[in-house]
Amino acid sequence: MEQLTLATALPLAFMAIMGLALLAYVVLDGYDLGVGILLPFATDAEKDVMVSSIGPFWDANETWLVLGVGVLLVAFPMAQGVVLSALYLPVTVMLLGLVLRGVAFDFRVKARDAHKATWNRIFAGGSLVTALAQGWMLGAYVTGFQDDLWGWLFAAGIALTLPAAYALLGAGWLLMKAEGDLQRKAAAWGRRVLWPMGLALVAISVATPLVSATVRAKWFVLPELFVLLPIPLACAAAFWAIRHVLRTPRVVEAGYGWIVFGGMVLIFVLAFFGLAYSLYPYIVIDRITVWQAASATESLVVIALGVALTLPVIIVYTIFMYRVFWGKARTLTYGL
Amino acid sequence: MDTFMLARLQFAANISFHILFPTITIALCWFLVFFHLRHRATRGTPQAAGWEQAYYFWTKVFALTFALGVVSGITMSFQFGTNWPGYMERAGNIAGPLLGYEVLTAFFLEATFLGIMLFGRGRVSERVHLVATLMVALGTTLSAFWILSLNSWMQTPAGYEIIDGQFHAVDWWAIVFNPSFPYRLGHKLLASALTAGFLIAGVSAWQLLKGTATEGTRKALRTAVTAVAVVIPLQIFMGDLHGLNTLEHQPAKIAAIEGIWHTERGAPLTLFGLPNEKEGRTDYALQIPKAASLVLAHDANAELKGLNEFPGAHPPVAPVFWGFRVMVGVGMLMLAVAWWGAFTLYRRRGRDASTWPRPLLWTLVGMTFSGWVATLAGWYVTEIGRQPYLVYGLLKTADAVAPHPPAMLMGTLVAYLTVYVLLLAAYIGVIKYMAEHSTMPTPAVRPPAPQPQIQTL
Chain A
-19 MEQLTLATAL PLAFMAIMGL ALLAYVVLDG YDLGVGILLP FATDAEKDVM VSSIGPFWDA
41 NETWLVLGVG VLLVAFPMAQ GVVLSALYLP VTVMLLGLVL RGVAFDFRVK ARDAHKATWN
101 RIFAGGSLVT ALAQGWMLGA YVTGFQDDLW GWLFAAGIAL TLPAAYALLG AGWLLMKAEG
161 DLQRKAAAWG RRVLWPMGLA LVAISVATPL VSATVRAKWF VLPELFVLLP IPLACAAAFW
221 AIRHVLRTPR VVEAGYGWIV FGGMVLIFVL AFFGLAYSLY PYIVIDRITV WQAASATESL
281 VVIALGVALT LPVIIVYTIF MYRVFWGKAR TLTYGL
Chain B
551 MDTFMLARLQ FAANISFHIL FPTITIALCW FLVFFHLRHR ATRGTPQAAG WEQAYYFWTK
611 VFALTFALGV VSGITMSFQF GTNWPGYMER AGNIAGPLLG YEVLTAFFLE ATFLGIMLFG
671 RGRVSERVHL VATLMVALGT TLSAFWILSL NSWMQTPAGY EIIDGQFHAV DWWAIVFNPS
731 FPYRLGHKLL ASALTAGFLI AGVSAWQLLK GTATEGTRKA LRTAVTAVAV VIPLQIFMGD
791 LHGLNTLEHQ PAKIAAIEGI WHTERGAPLT LFGLPNEKEG RTDYALQIPK AASLVLAHDA
851 NAELKGLNEF PGAHPPVAPV FWGFRVMVGV GMLMLAVAWW GAFTLYRRRG RDASTWPRPL
911 LWTLVGMTFS GWVATLAGWY VTEIGRQPYL VYGLLKTADA VAPHPPAMLM GTLVAYLTVY
971 VLLLAAYIGV IKYMAEHSTM PTPAVRPPAP QPQIQTL
């Protein structure tokens, strides 16, 4: 890349859009998947409140996944086949999980009462399976679909970590949206997954440069190492803040429960930037760069125009929607 | 079975399951807008409660249907990459922006405002709630616009050039409004109106028969019967235009639909028969002499191209031939039932729908999901009719498939099919259950709405 022209800048811009869409997806659907994963540990009445707390949002949250994979398909046609073919099985598992939890969400309140418990189980199970599959996909993607024991172990490690991270994010969401017993329970659930998740994140951070020489070369050189140091340090700070809030009920009662959610979002954002730095300029690590994979410039211009026009509007009405449903969750009702 | 056939079956299974739900929601949301507007217009009169009941009940059905449409739609978007990577590699420059615009202009709009439409009562003003309902309706319709534009472009490609085997866009206007698009969009939107209309009519008739009808049921029934009675002749007319357009651009598809094996003048119209592809003839054919030429070219002696003109480049005949007859057959049945209903509505105007003849109510119940049958049959005609091409005449389906091992495709196909069959059974079962146990929250048990209202957008 000698100079910045439309042909060199647009693929980068789309890589950024795809990454940010997937980051938005992980954070937004992450909390509602997390609430789903935590569902089995609540009483029946609490289950209704938990589902109500995500009711108006989950649909739009999942749309970010469609945008993310959509950008992969439309902006990087030369990479989508490699990525999605390699992930065929975990994608299928994730899709079945998403289908089951999405519909269980609606069926559980509309089916006869005797079936409600079954739909609750499907909702929780679907959420867990989705999170596991996404973790596996992320792990396989980071190693460049390395098909050996280490690649598999790495993918399995992230597959087990992501549901824990989602559960903590979901617990953070419930601290903001729930009151009383359920809020206290959410803090307890958070405490239970906190350490396993934290240790797993450290293990992944150590393992990533071990499985990938490219990543190792990017992080462990001076002076980059010092520039990058704030990323792990900020993660550690966020972790300690989360830990403090979860262990101190009066902080939650004083209305600072959002720190758990905010801390988790920060960790996800930092992990995202760490990953983006590790992968750049590849879309499939060590194999395909963003420029090799991109669509024709004239087509990217057309999509970029659409993104520039619509994304601000999408963000505005998304904020409007969150404002409408601001505050503690109540049982949802349909109607005029 | 080989990878290619299994990948096609998997795509067919996914898209067949998916299309069932958007076909309902596209039009159902406009019915909801109508109920909402009627409720506003009749406020303060005894009518208002009925319109509110209709809105309330059908919103629940809409929410369930929309959820199924969303999750099965996510499956679709991944299928392009997992099973058909060659499609985006070759046609991504055209298909990409169209899909992108669908996500950006339609998916976010409908998914976000759906939350307010479903659960916003008491949190936003009634006007904002109406706007949210309108936005969802607009979103579903826009979604249909973009995806049908892409589908039509694959049938009748235009506005492109091919450089090194890759499609490049030359004229976006020509791409979006390609030759078959207006007809396909019109045909699909009307199909959605019929599907939602017959669903509302069928469920309402069931409620009348089971004694669980409310004033809302009667209002919904009258609205739906009126709508389908008006729409079905339009649809037949639109279908005819669509067919003529297909004759112009995809004569091989028409030859398969009509079972015309050899080019001939004054081709007969085959009503029924058994297409025999091996021998190149239709066995036991019941035909009207010269009628195909008359219908398709408006000239009894016009020449129609036969399948012999397209060696190796025409679709398999039997599924296209049968799909078309099922679609037209259901369409004719719809016409008869819709007009029977409209006639009854007219004759008994001012009287309660509970006094409608029971045979009519039972017939409407039987037609509840008739829109699904016609929709699937029609899609099989047009999509199988496009074979062996993915982009008609330019890119073969077989050249886009990913080389996955057949066993893996078979395993995932079985998993998808199992889930789909169970979900379909649950969907129909829950709609039946809701029809029989529909309870409108009475004002006394309605949850209070302590939140301050947000008045403006």
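Protein chains in written order, with the numbering used here: chain A, -19 to 316; chain B, 551 to 1007.
Beta carbons: idealized from backbone N, C-alpha and C, even for Gly.
The model shown is predicted, which means the values in this text are computed figures rather than measured ones.
Asked, Found
"N-terminal and C-terminal residue of the alpha helix (DSSP H) that His568 of chain B is part of", "553 to 591"
"Chain B contact for Phe37 of chain A (CB, 9 angstroms cutoff)", "yes"
"Reduced DSSP secondary structure (H/G/I, E/B, other) of Ala309 of chain A", "coil"
"Meets three-Cβ-pair contact criterion under 8 angstroms: the segment 575 to 585 of chain B and the segment 736 to 746 of chain B", "yes"
"Residues of the segment 48 to 60 of chain A with Cβ closer than 9 angstroms to any Cβ of chain B, in chain order", "Val49, Gly50, Val51, Leu52, Leu53, Val54, Ala55, Phe56, Pro57, Met58, Gln60"
"Cβ separation of Gly61 of chain A and Gly631 of chain B, assumed to be a contact under 8 angstroms, to the nearest whole Å", "6 angstroms"
"Span of the beta strand (DSSP E), counted from its first residue to its last, around Asp833 of chain B", "831 to 838"
"Opposing strand residues paired with Glu814 of chain B [DSSP bridges]", "B:Leu854"
"N-terminal and C-terminal residue of the beta strand (DSSP E) that Tyr939 of chain B is part of", "939 to 941"
"Contacts around Phe967 of chain B, its chain only, beta-carbon distance under 8 angstroms, and the 5 residues preceding and following it disregarded", "Note on identity: in this sequence residue 967 of chain B is Leu, with Phe being the wrong assignment. Closer than 8 angstroms at Cβ, skipping near neighbours: Ala563."
"Nearest to Leu698 of chain B (by Cα), restricted to the options B:Gly715, B:Val720, B:Phe731", "B:Phe731"
"Close Cβ partners of Gly816 of chain B (< 8 angstroms) along its chain, the five nearest in sequence each way excluded", "Pro839, Lys840, Ser843, Ala850, Asn851, Ala852"
"Cβ-Cβ distance between Leu118 of chain A and Ile102 of chain A below 9 angstroms", "no"
"Where Ile1018 of chain B meets chain A, residues with beta-carbon distance less than 7 angstroms", "Outside the displayed span of chain B (551 to 1007) sits residue 1018 of chain B, for which this structure offers no information."
"For Ala719 of chain B and Glu814 of chain B, the rounded distance between their alpha carbons", "38 angstroms"
"Three or more C-beta pairs below 8 angstroms linking the segment 658 to 666 of chain B and the segment 36 to 47 of chain A", "yes"
"Any chain B beta carbon closer than 9 angstroms to Thr(-12) of chain A", "no"
"Within 8 angstroms of chain A by C-beta, residues of the segment 580 to 596 of chain B in sequence order", "His586, His589"
"9 angstroms Cβ cutoff, Glu639 of chain B in contact with chain A", "yes"
"Contact test: Gly619 of chain B Cβ vs the ligand NAP heavy atom, cutoff 8 angstroms", "You won't find the ligand NAP in this model; it holds no ligand whatsoever."
"Residue closest to Asp93 of chain A, alpha-carbon to alpha-carbon, out of A:Ala111, A:Asp28, A:Ala288, A:Ala167", "A:Asp28"
"Reduced DSSP category for Pro596 of chain B - H, G, I as helix; E, B as strand; rest coil", "coil"
"Pro997 of chain B - DSSP class collapsed to helix/strand/coil", "Its pLDDT being 42, under 50, Pro997 of chain B is placed unreliably in this model, and the value from its coordinates should be taken loosely. Pro997 of chain B falls in the coil class under three-state DSSP."
"Inter-residue spacing [alpha-carbon to alpha-carbon] between Gln126 of chain A and Val240 of chain A", "34 angstroms"
"Any C-beta of chain B under 9 angstroms from that of Lys90 of chain A", "yes"
"Interface partners of Arg908 of chain B on chain A, CB under 8 angstroms", "Residues of chain A passing the Cβ test: none, with the nearest at roughly 27 angstroms."
"Neighbour flag for Val674 of chain B against chain A, beta carbons, 9 angstroms", "yes"
"Sub-9 angstroms separation of Gly10 of chain A and Leu179 of chain A beta-carbons", "no"
"Three-state class that DSSP yields for Leu316 of chain A in the structure shown", "A caution first: Leu316 of chain A carries a pLDDT of 46, below 50, which makes its placement in the model too unreliable to give a value."
"CA nearest to the CA of His812 of chain B, picked from B:Leu784, B:Val775, B:Leu854", "B:Leu854"
"Amino acids of chain A, ordered along the chain, whose beta-carbon sits closer than 9 angstroms to that of His718 of chain B", "Ala276, Glu278, Ser279"
"Contact with chain B by Asp86 of chain A, beta-carbon distance below 9 angstroms", "yes"
"For Thr277 of chain A and Ala59 of chain A, believed in contact at Cβ under 8 angstroms, the rounded distance", "With 8 angstroms as the limit, Ala59 of chain A and Thr277 of chain A do not qualify as a contact, their Cβ atoms being about 17 angstroms apart."
"Phe727 of chain B: first and last residue of the uninterrupted alpha helix (DSSP H) it sits in", "No alpha helix (DSSP H) holds Phe727 of chain B; DSSP gives it neither H nor E."
"Residues that Asn643 of chain B contacts on chain A, provided the C-beta gap is smaller than 7 angstroms", "Ser275, Ala276, Ser279"
"Contacting residues, own chain, Cβ-Cβ under 6 angstroms from Thr655 of chain B (five flanking each side not counted)", "Leu692"
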